[in-house]
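What follows is a single structure, written as structure tokens, with notes after it.
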Amino acid sequence: MSENTYPSVNDLTLEEKASLTSGGDAWHLQGVEAKGIPGYMITDGPHGLRKSNSATTGEVDLNNSVPATCFPPAAGLSSSWNPELIHQVGEAMAEECIQEKVAVILGPGVNIKRNPLGGRCFEYWSEDPYLAGHEAVGIVAGVQSKGVGTSLKHFAANNQETDRLRVSANISQRALREIYFPAFEHIVKTAQPWTIMCSYNRINGVHSAQNRWLLTDVLRDEWGYEGIVMSDWGADHDRVASLNAGLNLEMPPSYTDDQIVYAARDGRIQPEQLDRMAQGMVDLVNKTRSAMSIDDYHFDVDAHDEVAHQAAIESMVLLKNDDDILPVAANAKIAVIGEFARTPRYQGGGSSHITPTKMTSFLDTLAARGVDVAFAPGFTLDLEPADRTLEAEAVETAKNADVVLMFLGLPEAAESEGFDRETLDIPAKQVELLKAVAAENKNIVVVLSNGSVVSVAPWAGNAKGILESWLLGQAGGPALADVIFGKVSPSGKLAQTIPMNINDDPSMINWPGEEGHVDYGEGVFVGYRYYDTYDKAVDYPFGFGLSYATFAIDGVNVAKTGANTAHVTATVTNTSDVDAAETVQVYVAPGKAAVARPKHELKGFRKVFLKAGESAEITFDLDERAFAYWSEKFNDWHVEAGEYTVEVGTSSRDIAAVAVVTLDGDGKALPLDEWSTFGEWADDPVGSKIVASVYAEGEAGNLPQLPDNDMMRMFLKSMPINSMPMLMSDGGKAITAFMLDEYAKIAETAE
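Okay, so the sequence shown: first residue is 236 according to the numbering used here, each after it adds one.
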């Protein structure tokens, strides 16, 4: 090895190879300094850098970190529907990592929001895998464009906090492939994250860290993943089994590298497998060397705060705006009610908790801008009962205002990593306060602060306006002022359905599981895929969001570009006198299908910023995957021949135009045999001809005659043809033999 050449696994001893497969401490890779392999730092988090001040000691301290820009968590950023903005956030995060000598930042997390009660929903992107993957890829690509690594997490099926360290998520292959894998798959194939973090939980009985099918067969062999896989902190329960499964790195270290050495010596680990896992770690270090060699780098605090500001603006979703109560005139008599306006909740709790470089509340922003308001906290930010004195003061403050801005939501104690929520409701004392204020003043705008959706229906009638602000990061105060007073129009869209009642959610029947298992019995019908398919009433649908502007979508055209692909064009026009943005969404609705499929699924979106009166043509390319479902029969993606409807709209329930495209299908068919049902024979291109011959030969007297009526056809549909003797004795045997003989002749001719 020359001094100008980076080391490879061939330069290392067995012990050194083993050492690379565990961390040096809680926040560092284990280096081999004698061979020129440094032990770089890796640390949280998904929406900004959380580098612990105790990182040099290797301790885990979630509330003592160096100042860093706190961007909106994914709960908000996902509502931007703006991948370009998200890429900018990723770039800024990387620059802060370079300053702090952090080689890998642990995020983003793209687990599906299976249930809105999930305690970690605030740092995940969506109930929809297409949206989650096509947004979060911006973080990965943005960070890695600066030479810093990301860790896509938590692979896979970490959809609840209850019993998360051991629960077995029991999921069908189809649901894994259509719902829980695609966000990971898209990011792997388009951005190649340098690391992936596996989840704590088991999948169908096997811990993720020890799941060779997950980490090797799917991730590497099918998707072509080139990076390394690390454990979540403390998720590696068997180092030998995990390394053999495809886990490169145990974090934090259990100081059991000798187990790997012994296993390599006695044959439980093959030399080439250890070499692959260790070489992955060497490659990771080499990728980060350039960025980690930059000295005396200082990121632009103000510029990053401005990125956080824009991200916060685009994260907000306007849910209700009766009587155009928003935007508010700056000269109006304004009452601000709610402690959140003074003490904002701007991020979630747990491993992603950041110390911001700046923090300006909504009230501080108004004071700095010279906007005079009356304020009353109204309640405390805890789960204690209502303080009637605070409530009375708030009602009095609001009584004579032109507009009341009420800041409500979930206190930090109500949602966090480590536990799931127990209710969809905001604290009762806040609802009581809202109703008390509404009895005195009807001009109320509710501004919500929460990391996952909350129930709106019980109190929405008491407010003319509802602005869902999620958790806005450090620049939330100025961003809220910009939106509320009309400097900019809100442009966010819901990345998650807001149900009428938590018991409407299809996962609730199995939530959160029992005796160490949770069955994903809803299958692929997650979120709007369930609500829209079964026509369930919701508070606000997936993709919904109002604007101060109005828009029209027309000129929709769908052209077939291949056997199973299509090109979509549409024109969107800002029909108002307000500059604003609209997000055009494309859904694909299957026609008749062999399996139960959702009514429609998101397969494209585009956020377009338009000046008043401006129009823009937008285009979408729908590949074969956009029309496919995962067939457990074929163990592969399958496109059926037939008609598909392409829907273009502004939410899953606001479809502006539709067009139909007819696809050829992929032609996949399984060989038919005696265990194939009569219905499967009838649906098969070859088998259907043989079924027709059975009826024709029966009429001609050459075979026993099958009754040809609707009831008998339904009866036969699910019957394997080797069961025909049960129905017709020897006659049934003759029919079965005829069908198999005819099929064999056709197969022989085809050869």
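No residue lacks a Cβ here, since even glycine has one placed at the ideal position from N, Cα and C.
Under the three-state DSSP convention, the category residue i falls into
i, result
"Glu396", "coil"
"Phe855", "strand"
"Met641", "strand"
"Asp739", "helix"
"Pro646", "coil"
"Glu882", "strand"
"Asp871", "strand"
"Asn957", "helix"
"Glu757", "coil"
"Asp540", "helix"
"Gln820", "strand"
"Met236", "Reliability fails at Met236, whose pLDDT of 43 lies under 50, so the model's placement of it is uncertain and the value that follows must be treated cautiously. Residue state, collapsed to three classes: coil."
"Phe597", "helix"
"Gly613", "coil"
"Asp501", "coil"
"Met486", "coil"
"His282", "coil"
"His752", "strand"
"Val244", "helix"
"Val378", "helix"
Beta carbon of residue i nearer than 8 angstroms to that of residue j
i, j, result
"Val517", "Pro273", "no"
"Pro213", "Gly708", "Given that the chain is displayed from residue 236 to residue 986, the structure contains no residue 213 and the question cannot be resolved."
"Val807", "Phe786", "yes"
"Val372", "Ile340", "no"
"Ser651", "Gly583", "yes"
"Glu358", "Ala309", "yes"
"Tyr864", "Lys838", "no"
"Glu882", "Pro955", "no"
"Ala567", "Val638", "yes"
"His539", "Thr304", "yes"
"Gly712", "Pro579", "yes"
"Thr880", "Ala716", "no"
"Met641", "Leu669", "yes"
"Phe779", "Glu362", "no"
"Asn799", "Gly900", "yes"
Other residues of its chain near residue i: CB distance less than 8 angstroms, five sequence neighbours each side excluded
i, result
"Asp752", "Correcting the residue identity first, residue 752 is His in this sequence and not Asp. Excluding sequence neighbours, His752 sits near Val402, Ser403, Asn405."
"Phe869", "Lys903, Leu905"
"Glu457", "none"
"Val929", "Leu938, Leu941, Ile970, Phe973, Met974"
"Pro506", "Ala499"
Own chain residues within Cβ distance below 6 angstroms of residue i, not counting five before or after
i, result
"Ala801", "Val793, Lys795, Leu857, Val896"
"Gly271", "Pro242"
Beta bridge counterpart(s) of residue i as assigned by DSSP
i, result
"Phe390", "Cys433"
"Leu907", "None, per the DSSP bridge assignment."
"Trp865", "Trp872"
"Leu553", "Leu702, Leu781"
"Asn809", "Phe786"
"Ala276", "A quick correction: the sequence has Met, not Ala, at residue 276. His263, Val337."
"Thr491", "Thr491 is not bridged to any residue."
Closest Cα partner of residue i within the set the options
i, options, result
"Val630", "Pro646, Leu618, Pro612, Leu616", "Pro612"
"Cys433", "Leu478, Gly459, Thr425, Arg409", "Leu478"
"Glu915", "Gly933, Val830, His835", "Val830"
"Gly700", "Asp557, Ala410, Val638", "Asp557"
"His835", "Ala815, Lys842, Val813, Val759", "Val759"
"Tyr998", "Asn288, Ile463, Asp260, Pro281", "This structure leaves residue 998 out entirely; the chain is present only between 236 and 986."
"Ala876", "Gly696, Phe862, Lys593, Asp889", "Phe862"
"Arg888", "Glu358, Tyr765, His369", "Tyr765"
"Gly797", "Val874, Ser315, Gln514, Trp448", "Val874"
"Ser704", "Glu757, Glu549, Tyr497, Val723", "Glu549"
"Asp535", "Lys593, Leu553, Val563, Ile560", "Lys593"
"Ala547", "Gly573, Asn317, Asn738", "Asn317"
"Asp1029", "Cys356, Arg604, Ala648", "Here the chain comprises residues numbered 236 to 986, so residue 1029 is not present and cannot be evaluated."
"Ala633", "Val608, Leu645, Thr615", "Val608"
"Ser690", "Arg355, Ala565, Ser254, Ile733", "Ile733"
"Gly481", "His442, Thr491, Asp501", "His442"
Cutoff 7 angstroms; reference residue i; Cβ partners in own chain excluding five residues on either side
i, result
"Ser237", "Interpretation of Ser237 is limited by its pLDDT of 41, a score under 50 that renders its predicted location unreliable; the figure taken from the coordinates is listed afterwards. Same-chain partners within the cutoff: there are none."
"Gly384", "Ala338, Val339, Trp429, Thr430, Leu519, Lys522, Thr523"
Closer than 8 angstroms to chain D by CB, residue i
i, result
"Gly382", "Looking at the structure shown, chain D is missing, and only one protein chain is on hand."
Check: residue i C-beta below 7 angstroms from any heavy atom of the ligand GTP
i, result
"Glu461", "The ligand GTP is absent from the structure shown, which contains no ligand whatsoever."
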